[in-house]
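*Asks:* Protein chains in written order, with the numbering used here: chain A, 38 to 647; chain B, 53 to 636.
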Amino acid sequence: MAIAVSTHQPEPAAGPPDGLTAEQLADEDLEPGALSAERRRRAKALLRGSLRPHRGTVAAAMAAAAIRQLALLAVPWCVQKALDDGLQKHDSGALLTWAGATALAALIQFAGLYGWQYWAGYADAKVGADLRSRLLHHLSGLDRAALASRGHGDLAMRATRDTDLVREWVHGLAVWVVLGTTFLTVLPAIATLDLSLLLVTLGTLPFLIWVNLHYPRRFAAASGELARAHGSRADAVADLLQVGTGLRGTGGHRPLVDRHHAASAEVTARTLVAARIEAGWAAVAPFVPRLAVAAGVGFGGLAVLDGHLTIGGLVAFTSWMAIVTLATRVLVDRLLERGQADVAAARIDEALSISPVVAEPAAGTAEDLPVHGTLEFTGVTALRDGRTVLGPVDLAAAGGEFVAVRGATGSGKSTLLRLAVRLDDPDTGRVAYGGTDLRTVPLDQVRARMAYVAQRPVLLSGTVADNLRLGRDLDLETLHQACRTAGIHDQLTAMADGYDTELGEGGTALSGGQVQRLAIARALLGDPAVLLLDDATSALDTTTERLVLDRLRAWAGTGRTILFATHRSAVLAAADRVVTLESAREGEGGTDPEGPETVTGEESMEVARG
Amino acid sequence: MAEQPLLREEADERAVLRRAMPFLRPHRARLAVALGVGLADSAALVAVAPLIGLATAALDDGDRGSLGLAVALLAALGLAQLVLARVGELLLIKGGEDVVRGLRERAVENLATAPLRFLETHRSGELLRRATGEVAALAAFVRLHLRSLVSSVATLAFTLIVLACYSWQLLLVQLAVFLPLTLLVTRWFQRDAASAFGGKASAEATVAATFSETLTAREALQTARGLTGWSARFERENRHAVRAARRALRVENRIDLVSLIEGAALVVLLLVGGWMVTRDAVGVETVVVFVVASRNLFDSFADLSQLVGEVQTARTGLARLLDLLSATEPARAARTAPAGLPARGDLRCTAVEFGYRAEGLDLHGLTLDFPRGSRTGVVGETGSGKTTLSKLLCGLYEPDGGIVTFAGTDLRDVPEEELRRRVVLVPQEVRLVSGTVAENLALVQGTPDRERIERTVDQLGLREWLADLPGGLDAEVGQRGGNLSAGERQILGVVRAVLADPAVLVLDEATADIDPVTAGRLEHALDELRADCTLVVIAHRPATIARLPRVVRLERGRLVSDGPAGPGPQDGTPLVHEPQVRLT
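Dropping the structure here:
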């Protein structure tokens, strides 16, 4: 059951374990250091947990990476042997052997590289898919109140940007193996060539680390400034294009052009600042490795002359030196980025620990909802942000009854309907069906019994039929039946693709009235006992509205209840009873122009039919 | 309508460098020096391999002196590169940035003075993108890739020359193994890259879209009990994304074959080199030089193949920018003010015709005279051509037929700067820029000082109104004037126009959003302000029209009446009912 997602969540979202609020975590550029130990522990647990199902793939990537790196490092050694034993000694047998060994090493290197890249990429794709899936399952089941303060953009970013950062982390795991293999192999190998060469190599390391720490930070800061300068120049151009045309008649665009040129000069100045850092970086970074090669050739050359070292060994040293330089750069990059995945994982973890406010009944205590009964609101009030938006209301609607609810904007009509399908829960009082409190029943049963049509129904991308089914397994005839009742079947079959017409972005646009009737049909498909309509005919012309109301009444018969929140006179006329809600806000009672008798609750019922 | 060059969707990329030459020329000295330094830097890089060869030869001969020389030269090269790399890159970026700056400022100058019709016929997003995003992309190319391009090409060329000097036979063998195979692999990669990476991106975009759609449609899915089925759809898309990622990986990994080819080239080098050494055709040091230098060779090939895309993007960007420049190049660059054009004079349009589209006219042969100091109202329904007329009267549009003159001179012959001293238009929608009220009022020709602004505000009877704004003249108007109401913005528009002190003031519904009392006061003050200022007032508000001695009525682009304000709307109802739709 998809809705019962969150019963196992141990911790409520309120009171995060480290005093870092959800709002602070919403800052996606949070510094890793800002995470508390508890958040970090949970983030690491999430990372480990997401890796577990794919540990085989990750291990394969790591193994391939290690093999690849060993083979890559072996190439200079094989070349060295070929130079020393083959070329120098004019030994064609040795040359063939070592050339063959070089070829083999190159082949293994390629195979390892392929496997490394493939498995690392595959693992990161799978981990990403898992995380997205977990986020979707969790968030889609949450209610309005639980997500009240969350922007959709921010939540969606946890499934895109943050998930991608975790994927990068997964992808980069094998790089650590590569780095380890490199340093553990190359340094001893250089040591076996000649101790002085090892000292030269070790001597460059502090410098390499400094370069890779110093420049990227300064460069990132300068790039940020440059991007801002480009941004304000773009603003100046936008002003000129959007505002300046309006100013043309006054001759006032000239100062705007001057503004642009000032911004343009700033771009140039910022470019030069960034360029200086960049040029310094590009010039300084290879400087010490080059000096090291010179020193290596000097010391190594002396060793060759003394007979400790071969010419091939010297050539191998220059190759290995290049690999160590590269590996150091990657190592520093990795170290600088290592906190990013923690922040991303903490943000994902936080989204996964939002608890529902509208919750399933505690396991084992759930009751069953009667198949028929009266929908009763007893002393119900609802609060939003501490303000009363509804009630207190007492209202009962029996099977076979069609009750219209009206009231001024802000009187809580929509909230009342939402309580009956448990999109929200009342803050005081209770909503019951057939005498059973809805909160004691599994959510799925509530929604099987109660169908709800929102004020502004949402269409999803997909066909008309997809939008009617919404993932439920229903045959086409059932769809047709519901659409006939909702008065839209004929219009749908008149479309070129009928029920297969694509809707949503890029698809056919339906009119507001068509969307409303489609949503009514969608609600009827669940064969509910209670139909809750929130101004669901507001976009219909009066003729169609009458037709839909007649059919709904026929559909409801004597067993089903209709609760309709509206101002429309046709609905008020069609209803068995009309209930007027008084505005819950103080001092605003009586703002309903249509309702001379603005009273609250059951005793105020005014019989409009009969 | 008059011939109006439009931007091309796909700008002509032929001879783009030659067309950019006028913008390069002022900076050619610096660019030439930058190029020279860049070449020296690459030469220093390439020289490392021969020096190692020299050292090898010295070792072979047991010559300590030569070894010392090689080591000293290697160290000196390192130092030289330290200086050359920094100076070269800096010079190149400076020169390139100057060129790009010239281009972007010219583009903005041109846009600022381009005919209004040009701006109106292009979506402002399109112009904005060309003048900002694409310019920034060009600047980024200059900053990040230009040097790599220079150094890769130079390194490749120098390496080829050096290796050819050592042994052209060995070089040929190397290239014969490396080049064709690498090209094949690259082609194989490129053949499927677009579809594989595009497929991966679109699969992930679909997943992201469904995710975000789920958040939006959450309640509908919950109440319809559709979450299970919907999740199944999401899972399908998610699995598809993983499959697409695997396909992209397989295509991406094809490029790794290049590392295998490099290995093969190395093996061939050892075998052929060894064979040549045994025959004493070359020395061991030649093979060593090849082993060391082939790294440069492979790397510059790899760099160049990556740069191909960047170069293409930059080329397209440059072509589109040049297209913008040529389309907005002032057609009448040599407009000079006719000597002695008086500051005040009569405005007259004679048989003026204008059409927005190629066929059909929106104004038909209008002839109207606005003598110096006259006050005229223009009325008519939506689409009657009032706003078009106002733009023609100000010289913002050029008529397709007929002529608009000020003091007898064709407006087309008056440079915009001179024209704005004489004819000023206040449109209904007054545009403001973020900043203070005073800064916005100063956005007129001549940039008035604070004292003049204050005096003008007093003359228009707006001192109290201004005092009510928080901060008065220093009140922040917000992003595009968002802190002010439409009426307040219009008041600023009128003040701005008065500050421009023109001979003719054309008000196009310029007081429509101001409350009637303030509007009345403002119109009265305008009328009183200067007797010799010609006023042309387009308005619907009866009170505004009633104030004017002469009313011109347009219908469907034709003049239907011109004379003293007639019986007018006695009952106080609006003269005509029309929704506030702008004509353009």
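Note that CB positions come from ideal geometry on N, CA and C, so glycine has one too.
1. Which runs of the alpha helix (DSSP H) at least 4 residues long sit entirely within the region 115 to 190 of chain B? Give them in chain order.
2. Given a cut-off of 8 Å on the beta-carbon distance, is the pair F220 of chain A and V325 of chain A in contact?
3. Does the CB of C446 of chain B have a neighbour CB from chain A at under 8 Å?
4. Report the residues of the region 71 to 88 of chain A with a CB closer than 8 Å to any CB of chain B, ordered along the chain.
5. For A67 of chain B, would you say it is in contact with chain A, using Cβ-to-Cβ distances shorter than 8 Å as the test?
6. Could you give the distance in angstroms between the alpha-carbon of V550 of chain B and the alpha-carbon of A519 of chain B?
7. Can you give the beta carbon distance from I455 of chain B to D462 of chain B, rounded, assuming they're within the 8 Å contact cut?
8. Going along chain B in order, which residues have a C-beta closer than 7 Å to the C-beta of V248 of chain A?
9. Find out if the Cβ-Cβ distance for the pair G338 of chain A, L351 of chain A is shorter than 8 Å.
10. Taking DSSP's pairing of strands, which residues face V616 of chain A in a bridge?
11. Do you know how far the Cα of T241 of chain A is from the Cα of L235 of chain A?
12. Less than 8 Å between the beta carbons of D295 of chain A and R79 of chain A, yes or no?
13. Does the region 74 to 81 of chain B come close enough to the region 143 to 153 of chain B to have 3 or more Cβ pairs within less than 8 Å?
14. So with Cβ pairs under 8 Å, would you call I566 of chain B a contact of chain A?
15. Closer than 8 Å by beta-carbon distance: list the chain B residues that pair up with P292 of chain A, in chain order.
16. Here's the rule: buried if 16 or more other CB atoms are within 10 angstroms of the residue's CB, otherwise exposed. What is V303 of chain B?
17. Mind listing the chain B neighbours of D464 of chain A? Cutoff is C-beta to C-beta under 9 Å, in chain order.
18. What are the start and end residues of each continuous beta strand (DSSP E) run of 3 or more residues lying completely inside the region 473 to 530 of chain B, in chain order?
19. Tell me, please, whether the CB atom of K146 of chain B is closer than 8 Å to any CB atom in chain A?
20. What do you reckon, are the CB atoms on G437 of chain B and R509 of chain A nearer than 8 Å?
21. Quick check: what's the CA-CA separation for G449 of chain A versus R483 of chain B?
22. So that I know if they touch, is there some Cβ in chain B lying closer than 8 Å to that of K163 of chain A?
23. Which residues in the same chain as G609 of chain B place their Cβ atom closer than 6 Å to its Cβ, once the five residues preceding and following it in sequence are excluded?
24. Considering just the uninterrupted stretch of the alpha helix (DSSP H) at A275 of chain A, what are its terminal residues?
25. Can you pull the chain B residues whose beta carbon is under 8 Å from the beta carbon of A143 of chain A, in chain order?
26. Can you tell me where the alpha helix (DSSP H) holding G572 of chain B begins and where it ends?
27. By DSSP, does G499 of chain A sit in helix, in strand, or in coil?
28. Could you tell me whether the Cβ of Q184 of chain B comes closer than 8 Å to any Cβ of chain A?
29. Which value, in whole angstroms, describes the spacing of the CA atoms of L374 of chain B and G185 of chain B?
30. What three-state label does DSSP hand H127 of chain A in the structure shown?
31. On a Cα-Cα basis, can you pick out the residue from A:R590, A:G190, A:A306 that is closest to A260 of chain B?
32. Compute the distance between the beta-carbons of V495 of chain A and T499 of chain B, then report whether it is under 8 Å.
33. So with CB distances below 9 Å, who are the chain A contacts of I104 of chain B?
34. Flag this pair as yes or no: are the beta carbons of G416 of chain A and G471 of chain A separated by less than 8 Å?
35. Kindly identify the DSSP beta-bridge partner or partners of G453 of chain B.
36. Whose Cβ in chain B lies nearer than 7 Å to the Cβ of S233 of chain A?
*Replies:* Quick answer:
1. 116 to 165, 168 to 173, 176 to 183
2. Position 183 of the first sequence holds residue 220 of chain A. Position 288 of the first sequence holds residue 325 of chain A. In this structure, F220 of chain A keeps its C-beta atom at 8 Å or more from the C-beta atom of V325 of chain A.
3. Counted from its first residue, the second sequence places residue 446 of chain B at position 394. Yes, C446 of chain B lies at the interface with chain A (some Cβ there is under 8 Å from its Cβ).
4. none
5. Counted from its first residue, the second sequence places residue 67 of chain B at position 15. Chain A, which has no Cβ nearer than 8 Å to the Cβ of A67 of chain B, makes this no.
6. Working through the second sequence from its first residue, we reach residue 550 of chain B at position 498. Working through the second sequence from its first residue, we reach residue 519 of chain B at position 467. Using only the alpha carbons, I get a separation of about 19 Å.
7. Position 403 of the second sequence, counted from the start, is the residue given in the question as residue 455 of chain B. Position 410 of the second sequence, counted from the start, is the residue given in the question as residue 462 of chain B. Rounded, the Cβ-Cβ distance is 6 Å, consistent with contact.
8. For the purposes of this step, residue 248 of chain A is identified with residue 211 of the first sequence, where counting begins at 1. Those within 7 Å of V248 of chain A in chain B number zero; the least Cβ separation is about 12 Å.
9. For the purposes of this step, residue 338 of chain A is identified with residue 301 of the first sequence, where counting begins at 1. For the purposes of this step, residue 351 of chain A is identified with residue 314 of the first sequence, where counting begins at 1. A contact, by the Cβ cut-off of 8 Å.
10. Taking the first residue of the first sequence as position 1, residue 616 of chain A is located at position 579. Answer by DSSP bridge pairing, in chain order: A:V442.
11. The count along the first sequence starts at 1 and reaches residue 235 of chain A at position 198. The count along the first sequence starts at 1 and reaches residue 241 of chain A at position 204. Roughly 10 Å between the two C-alpha positions.
12. On the first sequence, position 258 is the one that residue 295 of chain A refers to. On the first sequence, position 42 is the one that residue 79 of chain A refers to. Not a contact, by the Cβ cut-off of 8 Å.
13. yes
14. Locating residue 566 of chain B in the second sequence gives position 514, where the first residue counts as 1. When Cβ-Cβ separations below 8 Å define contact, I566 of chain B makes no contact with chain A.
15. Taking the first sequence and counting its residues from 1, one reaches residue 292 of chain A at position 255. Result: A494, L495, T499.
16. In the second sequence, the residue the question calls residue 303 of chain B occupies position 251. Around the beta carbon of V303 of chain B, 16 or more other beta carbons sit within 10 angstroms, so the residue counts as buried.
17. Position 427 of the first sequence holds residue 464 of chain A. Residues of chain B passing the Cβ test: none, with the nearest at roughly 19 Å.
18. 475 to 478
19. What you label residue 146 of chain B is simply residue 94 of the second sequence in a count that begins at 1. Output row for K146 of chain B: interface = yes.
20. Here residue 437 of chain B corresponds to residue number 385 of the second sequence, with the count starting at 1. Here residue 509 of chain A corresponds to residue number 472 of the first sequence, with the count starting at 1. No; because the gap between Cβ atoms is not below 8 Å, this pair is not in contact.
21. Counting from one through the first sequence, the residue named residue 449 of chain A turns up at place 412. Counting from one through the second sequence, the residue named residue 483 of chain B turns up at place 431. About 41 Å.
22. For the purposes of this step, residue 163 of chain A is taken as the residue at position 126 of the first sequence. Yes, because at least one Cβ of chain B sits closer than 8 Å to the Cβ of K163 of chain A.
23. The residue given as residue 609 of chain B occupies position 557 in the second sequence. These residues qualify, in order along the chain: D414, L415, H416, G437.
24. Mapped onto the first sequence, residue 275 of chain A falls at position 238. Residues 232 to 279.
25. Taking the first residue of the first sequence as position 1, residue 143 of chain A is located at position 106. Within chain B, the residues near A143 of chain A are S311, L312, E314, G315, A316, L318, V319.
26. Counting from 1 along the second sequence, the entry for residue 572 of chain B is found at position 520. G572 of chain B -> alpha helix (DSSP H) spans 568 to 581.
27. Reading the first sequence from its first residue, position 462 is the one you call residue 499 of chain A. In this structure, G499 of chain A counts as strand in the three-state DSSP scheme.
28. Walking along the second sequence from the start, residue 184 of chain B turns up at place 132. Gln is not the amino acid found at residue 184 of chain B; the sequence shown has Thr there. It does; some Cβ of chain A falls within 8 Å.
29. Within the second sequence, the letter at position 322 stands for residue 374 of chain B. Within the second sequence, the letter at position 133 stands for residue 185 of chain B. For L374 of chain B and G185 of chain B, the distance between alpha carbons rounds to 15 Å.
30. For the purposes of this step, residue 127 of chain A is taken as residue 90 along the first sequence, with counting starting at 1. Three-state result, H127 of chain A: coil.
31. Sequence index remark: in the second sequence, residue 260 of chain B carries index 208 (1-based). Of the listed residues, the one whose Cα sits closest to A260 of chain B is A:G190.
32. Counted from its first residue, the first sequence places residue 495 of chain A at position 458. Counted from its first residue, the second sequence places residue 499 of chain B at position 447. Cβ atoms of V495 of chain A and T499 of chain B: not closer than 8 Å.
33. By one-based count along the second sequence, residue 104 of chain B stands at place 52. Listed along chain A are V330, V334, L351, V352, T355, each with a C-beta nearer than 9 Å to that of I104 of chain B.
34. If you number the first sequence from 1, residue 416 of chain A lands on position 379. If you number the first sequence from 1, residue 471 of chain A lands on position 434. It is not a contact, given that the beta carbons lie outside the stated cut-off.
35. Along the second sequence, read from residue 1 onward, the residue named residue 453 of chain B stands at position 401. The partner list for G453 of chain B (beta bridge, DSSP) reads B:E405.
36. By one-based count along the first sequence, residue 233 of chain A stands at place 196. The contacting residues do not exist; S233 of chain A stays about 13 Å from chain B at best.
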